[in-house]
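Here is the structure we will look at.
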Amino acid sequence: MEYALKLPDPVNVEGAEPSQFSWTEETPKRKAPSHRESLTKSSKTDADVGTEELSVETALLHGDAQATPEAIENTPPVDPEVNLVQSLLERIAFLEQQVSSCEEKISRLEKENAVLLQCQFSLDKIKDDNAAILFYTGFPNYETLMSFYRYVEPKLQKMQYWKGEKHLKANQPYQEKDKNKPGPSRKVSHLDEFLLVLMRLKAGLFVQDLADRFGISTSLVSRIWHMDKFALSGIK
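Heads up: the sequence shown begins at 1 in the UniProt record's numbering, then just goes up one per residue.
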């Protein structure tokens with residue numbers, strides 16, 4: 001409990017001097033300080049909290065941060081099904097891109113193949129032209145040519161390409177009955193090989209010319225020529 005000395009009011013007496021000075025006046029008391037919050041306390045919005053949780057989760061998934069208790073506590077639980085669905089969606093998108101790329105490649109190759117087939121000489125291009133059939137093969141028309149081909153076809157299918165006498169074998173497994181020749185498909189059909197030989201016999205075309213017409217190498221033309229000529233020579 002505090003006590004203050006209260007002086008009586010000064011009395012105006014003639015000839016008297018004032019006895020109250022500035023240092024004798026009562027000083028007002030200071031109010032007690034009020035409670036204030038610390039200015040250093042951080043405040044976070046909902047967006048900041050969400051961003052922090054997402055950053056912690058991403059770091060933990062990629063192994064870029066240590067799994068501290070604070071990070072684990074602040075990281076929301078991840079549903080395994082959500083991760084599986086996301087992984088499958090990414091896989092589907094990748095496969096769709098691969099399929100699209102393959103379809104474009106197939107389309108391009110089909111166009112290139114069509115161009116090559118148009119440039120390649122074949123019997124289909126002259127079968128309706130009797131004059132061309134007669135000029136290139138010596139047969140009067142397509143029907144007569146095909147009748148003769150069907151007669152020699154079984155023998156042509158079993159013939160070996162000529163690679164020299166030392167590589168020639170008396171018998172091959174595919175030359176037996178009901179056996180097909182193994183290996184990759186032929187670059188030229190049996191019918192076009194037959195046509196090639198007839199064109200060389202009748203029109204006297206050179207090996208290089210025939211190679212360019214049929215889109216094959218000169219060495220293959222030579223092997224076809226020797227093989228079919230040998231087969232035709234034995235026909236009676």
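Each residue gets a CB set at the ideal place from its N, CA and C atoms; glycine is no exception.
Cβ-Cβ distance between residue i and residue j below 8 angstroms
i                 : j              : result
phenylalanine 214 : glutamine 97   : no
leucine 191       : arginine 200   : no
phenylalanine 194 : tyrosine 151   : no
leucine 145       : isoleucine 133 : yes
isoleucine 224    : leucine 205    : no
Cβ-based neighbour list, residue i, same chain, cut-off 8 angstroms, excluding 5 preceding and 5 following
i             : result
histidine 62  : Note that histidine 62 scores 49 on pLDDT, short of 50, meaning its location in the model is unreliable; the coordinates nonetheless yield the value given after this. Counting only Cβ-Cβ distances below 8 angstroms, and skipping sequence neighbours, we find nothing.
threonine 218 : Val207, Gln208 and Ala211
lysine 127    : Ile133 and Tyr142
glutamate 90  : none
For residue i, the three-state DSSP class (helix, strand or coil)
i              : result
asparagine 141 : coil
glutamine 97   : helix
lysine 31      : coil
valine 56      : Below a pLDDT of 50, predicted positions are generally treated as unreliable, and valine 56, at 48, falls in that range; the measurement from the model is reported next regardless. Valine 56 falls in the helix class under three-state DSSP.
glutamine 86   : helix
glutamine 120  : coil
lysine 111     : helix
lysine 127     : coil
Reference residue i, options the options, closest by Cα
i              : options                           : result
asparagine 141 : Asn130, Phe135, Thr218 and Ser147 : Asn130
serine 189     : Leu220, Val207 and Ser101         : Leu220
leucine 156    : Glu81, Met227, Ser100 and Leu84   : Met227
Own chain residues within Cβ distance below 6 angstroms of residue i, not counting five before or after
i           : result
leucine 198 : Thr137
alanine 203 : Tyr136
serine 122  : Asp192
Contacts around residue i, its chain only, beta-carbon distance under 7 angstroms, and the 5 residues preceding and following it disregarded
i              : result
isoleucine 216 : Lys187 and Val188
glutamate 153  : His190
valine 49      : At valine 49 the pLDDT is 47, less than 50, meaning the model places this residue with poor confidence; the figure from the coordinates comes in the next sentence. Closer than 7 angstroms at the Cβ level, and outside the excluded window around valine 49, lies no residue.
Q) Which runs of the alpha helix (DSSP H), 4 residues or longer, sit entirely within the stretch 182 to 229? A) 190 to 202 and 207 to 214
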